[in-house]
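Residue numbers (the working numbering), protein chains in the order written: chain A, 1 to 580; chain B, 1001 to 1160. Where a beta carbon is used, it is the ideal one built from N, C-alpha and C, also for glycine. All remarks here apply to the structure that follows.
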């Protein structure tokens, strides 16, 4: 089967990887001079992309067309004939749209020292030997070009990207950093990073600003916090720009015939499928998403393309390799109260990664209660509703639920049905018939093996669902979030299983005849992959008929990574890598 | 206590109605405080936060006459143009002034002319607000204006 992938970014490459593994011919059509997309623009991600792409770069079944532009598409007998500007034609059975996202350009507020986050990335690139001379104070301003009337979606990656830029900055220099945010929308363990940077002296301000006055030596920023207006000078102001749908999707949708939604993203008819048969979609063409999710959906789109578009049947979904857990049901409280107060905030850093899940639940509950005619207050420290979740949040605000945004350092104390908010400058009391707190739901996450809790960010990025060779986490137990992700994750996991399956692995072999069972290999193994097994063994010393129970080393296939420490430790040289 | 709160809430509903927009056009506020960072009242080194005006409206708190925004807002719409949701806060301020009865005679006359003819009819405005304009407007600032155009009344000097 011939598969055409439109877009050579990280998601397209991931899809290509799965399709190549499934033994299909793959063509990647890239409009720029080199594949790479947005990930290539980030200095610290460039190497990751290159390594990932190098694994398939020289595959004979892969064709990469650079600088290609589609001028016409014809569909005959389920076959797409894609005509290029260069005069060539590509014949493809399946098409995967992976056009990615395009960063917002804040023309009106940009300046010489007011730069976008991508420009700042180039400024602190490791390849620049020196940082600019004036680099004492840097401000990051979030939510530029997203969460507005013009474009109501949340870009869902700018917060995470900003916290990484802070990390990369602090690796090179020690400027004073201030972050102006609306909500900190982190994923997984980034909340620990946030805490570490807070402790290291990075200031977080829960206020945004549009007052920037630039002169040759710096930028003055005005912002309102703690009941007063402050003006501060910074050497650089970094605008954390949002991500918009790729404008190329409009001509592409006309050529291929699939439809777009109101925001300019591809309309997802079924998981990772457009409404045209044979055309699939992955990555940033779906919604604003991070690199990890782009890889996950890339794997998924590659998988669904080679499976002819049918969604995995129940039998596959119930495969024992998938580890799923039902989402806990949270029911809206009912009772005879006229007003209800939600408190979305917690002091427990580890629980913060569940803000995303709990925010969505709280909004749903608040809307239910509002419909029942109750007065609803939501006290928020951090409302995490990424991408399309922002629309639900917007509806909740429009419906008249009162959201009170807590500033940094404001403390809420509960006394029965009374919530007292104490800040630096303001203090007020809210009375509510019923109080629902984040911590009331913390038990849902206790002692559960969430993948995002146990895996570091790079591990989650390159193998998005894998817990172990026989266990792939999908849905709630991978990372609790919006429902539409579960089916995508199942597809992604299927792609990942396919990629894992034929991987050649060399396992150490134990010569059972000669093993003395000393256990030194067991002690040496860092992955706990060797166990001592008691077996009957003929003992030659006492004649041919004498049998005895002795321990023998056995390699556990699941856990072994093939590092070879056991072979080098073995005192009697009985562990070998035979195929080498 | 609760009765008073309810009255306030009703009062606030009325203010929103007077502002001429739907409630949801104001309640969509994200609480980002961009409005406060650009507000011209803050240029007078008076600390004011237009977003707080909105939130106290929805919390059912009373807004006093001497709230700096009610007193000094110039309806410049800088907040609206910077706001990501383009919330028209000056409309709320105008409604508040109307509700609290601190509109000037001129404003009343101006609005009256518009409600009658759909345009400003100067003779009407002048007739309705002549006393105000002379007392509060022109007459009060006359000496300053004269100084501004460097006109001084001649001083009497004694001749020896």
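Return the bridge partner residues of residue i from the DSSP annotation.
i: residue 420 (chain A); result: A:413 and A:429
i: residue 232 (chain A); result: A:221
i: residue 446 (chain A); result: None; residue 446 (chain A) has no bridge partner.
i: residue 114 (chain A); result: A:237
i: residue 270 (chain A); result: A:273
i: residue 1125 (chain B); result: Looking at the DSSP assignment, residue 1125 (chain B) forms no beta bridge with any residue, so it has no partner.
i: residue 74 (chain A); result: A:81
i: residue 244 (chain A); result: A:102
i: residue 538 (chain A); result: A:547
What separation, rounded to the nearest whole angstrom, lies between the Cα atoms of residue i and residue j?
i: residue 385 (chain A); j: residue 516 (chain A); result: 59 Å
i: residue 1073 (chain B); j: residue 414 (chain A); result: 37 Å
i: residue 223 (chain A); j: residue 1099 (chain B); result: 30 Å
i: residue 102 (chain A); j: residue 265 (chain A); result: 11 Å
i: residue 237 (chain A); j: residue 177 (chain A); result: 10 Å
i: residue 174 (chain A); j: residue 136 (chain A); result: 8 Å
i: residue 1029 (chain B); j: residue 465 (chain A); result: 37 Å
i: residue 232 (chain A); j: residue 138 (chain A); result: 11 Å
i: residue 410 (chain A); j: residue 348 (chain A); result: 16 Å
i: residue 207 (chain A); j: residue 246 (chain A); result: 29 Å
i: residue 146 (chain A); j: residue 1036 (chain B); result: 19 Å
i: residue 152 (chain A); j: residue 476 (chain A); result: 26 Å
i: residue 216 (chain A); j: residue 1105 (chain B); result: 48 Å
i: residue 92 (chain A); j: residue 499 (chain A); result: 23 Å
i: residue 262 (chain A); j: residue 129 (chain A); result: 45 Å
i: residue 405 (chain A); j: residue 358 (chain A); result: 16 Å
i: residue 133 (chain A); j: residue 457 (chain A); result: 33 Å
i: residue 578 (chain A); j: residue 506 (chain A); result: 8 Å
i: residue 52 (chain A); j: residue 37 (chain A); result: 13 Å
i: residue 1079 (chain B); j: residue 1019 (chain B); result: 16 Å
i: residue 57 (chain A); j: residue 22 (chain A); result: 16 Å
i: residue 55 (chain A); j: residue 46 (chain A); result: 15 Å
Can you have a look at residue i and say buried or exposed, based on whether 16 or more other CB atoms are within 10 angstroms of its CB?
i: residue 1027 (chain B); result: buried
i: residue 571 (chain A); result: exposed
i: residue 166 (chain A); result: buried
i: residue 526 (chain A); result: exposed
i: residue 308 (chain A); result: exposed
i: residue 293 (chain A); result: buried
i: residue 289 (chain A); result: buried
i: residue 1126 (chain B); result: exposed
Using the three-state DSSP reduction, which class does residue i fall into: helix, strand or coil?
i: residue 1001 (chain B); result: For residue 1001 (chain B), the pLDDT reaches just 38, beneath the cut-off of 50, and the residue's location in the model is therefore unreliable, although a value from the coordinates is still provided. DSSP places residue 1001 (chain B) in coil when its eight states are reduced to three.
i: residue 293 (chain A); result: helix
i: residue 355 (chain A); result: helix
i: residue 340 (chain A); result: strand
i: residue 467 (chain A); result: strand
i: residue 487 (chain A); result: helix
i: residue 383 (chain A); result: coil
i: residue 1012 (chain B); result: helix
i: residue 346 (chain A); result: coil
i: residue 581 (chain A); result: Residue numbering for chain A in the displayed model covers 1 to 580; residue 581 (chain A) lies beyond these limits and cannot be assessed.
i: residue 213 (chain A); result: strand
i: residue 496 (chain A); result: helix
i: residue 3 (chain A); result: strand
i: residue 20 (chain A); result: helix
i: residue 561 (chain A); result: coil
i: residue 514 (chain A); result: coil
i: residue 38 (chain A); result: coil
i: residue 575 (chain A); result: strand
i: residue 316 (chain A); result: helix
i: residue 1042 (chain B); result: helix
Given a cut-off of 9 Å on the beta-carbon distance, is the pair residue i and residue j in contact?
i: residue 279 (chain A); j: residue 90 (chain A); result: no
i: residue 24 (chain A); j: residue 61 (chain A); result: yes
i: residue 559 (chain A); j: residue 528 (chain A); result: yes
i: residue 1054 (chain B); j: residue 1102 (chain B); result: no
i: residue 68 (chain A); j: residue 155 (chain A); result: no
i: residue 340 (chain A); j: residue 432 (chain A); result: yes
i: residue 193 (chain A); j: residue 94 (chain A); result: no
i: residue 287 (chain A); j: residue 78 (chain A); result: no
i: residue 312 (chain A); j: residue 490 (chain A); result: yes
i: residue 11 (chain A); j: residue 188 (chain A); result: no
i: residue 284 (chain A); j: residue 488 (chain A); result: no
i: residue 39 (chain A); j: residue 9 (chain A); result: yes
i: residue 553 (chain A); j: residue 563 (chain A); result: no
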